[in-house]
Amino acid sequence: MDKQSTEHNEETLVAMLASFRKEACYHDNFEEDFLRNFHLRKETDPATHSAWKLLLERLDNYLQNFRGWQWVYASMSIVTLAAVGVIIASGNMDDPSDSYASSTKDKEEILLKEKAVPEGKSGSRK
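Numbering (the working numbering), first residue to last: 13 to 138.
Right under this line is the structure:
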């Protein structure tokens, strides 16, 4: 009996495989429906849109799902505090023209002193 059930299972399996080999039957308007769907998909394909639209769409999707705003706020706060610290630490911001004037006056005095030195004392100038 065991042999008979095995043969019966094999016959059933062979019949199933033979039915799979048969060509699938499509309805009469299959080709027309396929072509119509194909052209509709082609028209709505995202690759036909401009690159800028795709970029904006992806950026919009990214920002909608972005969960790191607390890090953005924290980093901007650090940058702001650093800028304020640099401004405060720069000192003498009241009248920066004074520091420029004093440095040019010092340069002029040094040049005048060099010109005022006699030639005999400064070495062999000709």
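Glycine residues also receive a C-beta, built at the ideal position from the N, C-alpha and C atoms.
Can you look up glycine 103 in the DSSP assignment and give me helix, strand or coil? coil
So what does DSSP say about aspartate 14, is it helix, strand or coil? Helix.
Under the three-state reduction of DSSP, which class applies to histidine 51: helix, strand or coil? DSSP places histidine 51 within a helical segment (H, G or I) once states are collapsed to three.
Please report how far the alpha carbon of glutamine 82 lies from the alpha carbon of histidine 39, in whole angstroms. Rounded to whole angstroms, glutamine 82 to histidine 39 spans 58 angstroms at the Cα level.
Alpha-carbon spacing of leucine 95 relative to arginine 53, whole angstroms: For the sequence presented, residue 95 should be read as alanine rather than leucine. So the two alpha carbons sit approximately 54 angstroms from each other.
State the Cα-Cα distance for the pair aspartate 118 and glycine 103, rounded to the nearest angstrom. 21 angstroms
Taking the continuous alpha helix (DSSP H) assigned at arginine 79, which residues delimit it? Taken as a continuous stretch (DSSP letters only), arginine 79 belongs to no alpha helix (DSSP H), as it is neither H nor E.
With 7 angstroms as the threshold, decide whether the Cβ of leucine 47 is near any Cβ in chain B. In the structure shown, chain B cannot be found, because there is only a single protein chain.
Through-space distance from arginine 70 to serine 89, alpha-carbon basis: 28 angstroms
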